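Converting from the sequence shown to this note's numbering requires adding 87 to each position, the first position being numbered 1. All C-beta atoms in this analysis are idealised placements derived from N, C-alpha and C, irrespective of residue type, glycine included. None of the values given here were measured: they were computed from a predicted structure.
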Amino acid sequence: MNNTVDLHIPGSENMLLVARLATVGYIANAGLTLDEAEDMKIAVAEALGVVGGERLHVRFSTADGAVEIWVAGDGTGAPREDVEGEIARYVLRSLVDEVEIEENCEGRIGAIRMKKRLRGA
């Protein structure tokens, strides 16, 4: 069974609420606690703010005993060495089990992949 959900939204501030709500719904359905869902919601909001752009893509999937959330923008994200990017990395690492930050050819953050292991996995 494929548990992948793809969400494409405009990058406007009011549409980010849609991504946060989808995150909580997906995480709760995957079996994580409400506290873990809240942590992931904060992580997704932080990641969306860093990748930025007019169009945003969020992919939720469950595999190998973990929930994976991939967040991507349109290539106009924060520069890799930007202070905001550094703070975001710190916040993300405190909320999820694994973080992978992908940069584009201009050295900007283009996508962020986050994993949270399921209990008992």
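Residue i vs residue j beta-carbon contact at 9 Å
i       : j       : result
Gly-112 : Val-138 : no
Asp-161 : Glu-141 : yes
Arg-200 : Val-186 : yes
Val-131 : Ala-159 : no
Val-145 : Ile-96  : yes
Residue i - partner residues in DSSP beta bridges
i       : result
Ile-96  : Leu-143
Glu-190 : Ile-196
Ala-159 : His-144 and Ala-198
Val-154 : Thr-149 and Lys-203
Secondary structure of residue i, DSSP reduced to three states
i       : result
Glu-173 : helix
Arg-195 : strand
Thr-149 : strand
Val-183 : coil
Arg-206 : coil
Thr-91  : coil
Euclidean distance between Cα positions of residue i and residue j
i       : j       : result
Glu-193 : Ala-150 : 31 Å
Leu-135 : Gly-118 : 23 Å
Leu-205 : Ile-188 : 21 Å
Leu-94  : Val-154 : 15 Å
Ser-148 : Asn-191 : 23 Å
Ala-198 : Met-127 : 16 Å
Ala-175 : Ile-129 : 11 Å
Ile-156 : Arg-195 : 19 Å
Per-residue burial, residue i [other beta carbons within 10 Å of its own, 16 or more giving buried]
i       : result
Met-102 : exposed
Glu-100 : exposed
Leu-182 : buried
Glu-173 : exposed
Cβ-heavy atom distance, residue i to the ligand GDP, below 8 Å
i       : result
Glu-190 : The ligand GDP is absent from the structure shown, which contains no ligand whatsoever.
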